[in-house]
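Reviewing the structure listed below.
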Amino acid sequence: TQLLEQSPQFLSIQEGENLTVYCNSSSVFSSLQWYRQEPGEGPVLLVTVVTGGEVKKLKRLTFQFGDARKDSSLHITAAQPGDTGLYLCAGDLGGKLIFGQGTELSVKP
Amino acid sequence: DAGVIQSPRHEVTEMGQEVTLRCKPISGHNSLFWYRQTMMRGLELLIYFNNNVPIDDSGMPEDRFSAKMPNASFSTLKIQPSEPRDSAVYFCASSFGLGLNNEQFFGPGTRLTVL
């Protein structure tokens, strides 16, 4: 059983579409991070959210931390082929990072 | 900036053999993490060090796994003897310190295949 459940696991969309990826847990996290991983490489940090209800924007990406700090979402507007990759959420639990299984996103031109 | 360096990038070995994975953290970083990534279990923390001292090895799956950090610029993860279920991508990451205020930078990983 994963402490952090991500959905969907796989997502294939056309360029220009919008999408939302979810990261849910029954546990409360002091903070949560989102990473993007490309094939053959390690994950790269996109954002850290700390406060319940917090919203952060990174160009076309919008990240939200749930009010109860148990869940988070990543919304991409007008997806581009360059957004293709594995998106991972990770929660801080006692100083250690716990990762979700990831969402494999494919954006077709 | 060279980033976190891992070697080898790919390792293929037979069951029962000893495997040693190597990591050079980013210069100046004093925290180092070893992760394992598989399709079934995702990305899991195995062990982490702070100032070359192991802090938490609760993620190390079995006694067959061991990790050392003899100095601030080098760490190894050893599997002896290796088993097919150890096949995975192993990542090393480093940061300036512990806690989410200190971003972890990941290496490119070592893809291990145990036949």
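Chains A and B, in that order, give the protein sequences.
Note that the first sequence covers residues 1 to 109 in my numbering.
Note that the second sequence covers residues 1001 to 1115 in my numbering.
No residue lacks a Cβ here, since even glycine has one placed at the ideal position from N, Cα and C.
Computed from a prediction, not measured in an experiment: that's the story for all the values here.
For residue i, report the span of its beta strand (DSSP E) as first-last.
i	result
Thr62(A)	Leu61 to Phe65
Asn1071(B)	Phe1065 to Asn1071
Gly1042(B)	Gly1042 to Asn1050
Ala1088(B)	Ala1088 to Ser1095
Ser106(A)	Thr103 to Lys108
Asn24(A)	Leu19 to Asn24
Thr1038(B)	Ser1031 to Thr1038
Pro1054(B)	Val1053 to Asp1056
Ser1082(B)	From DSSP, Ser1082(B) is part of no beta strand (DSSP E); its letter is neither H nor E.
Report the CB separation of residue i from residue j in whole angstroms; it is logged as a contact under 8 Å.
i	j	result
Gly42(A)	Phe1106(B)	3 Å
Ser31(A)	Leu1100(B)	5 Å
Phe29(A)	Leu93(A)	7 Å
Val1019(B)	Ile1079(B)	5 Å
Any idea which residues DSSP pairs residue i with across the strands?
i	result
His1010(B)	Arg1111(B)
Arg36(A)	Val44(A) and Tyr87(A)
Thr1076(B)	Arg1022(B) and Lys1068(B)
Cys5(A)	Here residue 5(A) is Glu; the residue named in the question, Cys, does not match the sequence. Paired residues: Asn24(A).
Quick check on residue i: buried or exposed, where buried means 16 or more other Cβ atoms within 10 Å of its Cβ?
i	result
Leu4(A)	buried
Leu1115(B)	exposed
Phe966(B)	Not covered by the structure: residue 966(B). The range shown for chain B is 1001 to 1115.
Gly66(A)	buried
Ala1088(B)	buried
So, does the stretch 86–105 of chain A touch the stretch 1007–1017 of chain B, judging by three or more C-beta pairs under 8 Å? no
Closer than 8 Å is the cut-off here; do at least three beta carbon pairs connect the stretch 1068–1085 of chain B with the stretch 1040–1053 of chain B? yes
Kindly confirm or deny that the stretch 1040–1047 of chain B and the stretch 86–100 of chain A touch, where touching means at least three C-beta pairs closer than 8 Å. yes
With three or more C-beta pairs closer than 8 Å as the rule, is the stretch 19–29 of chain A touching the stretch 1088–1095 of chain B? no
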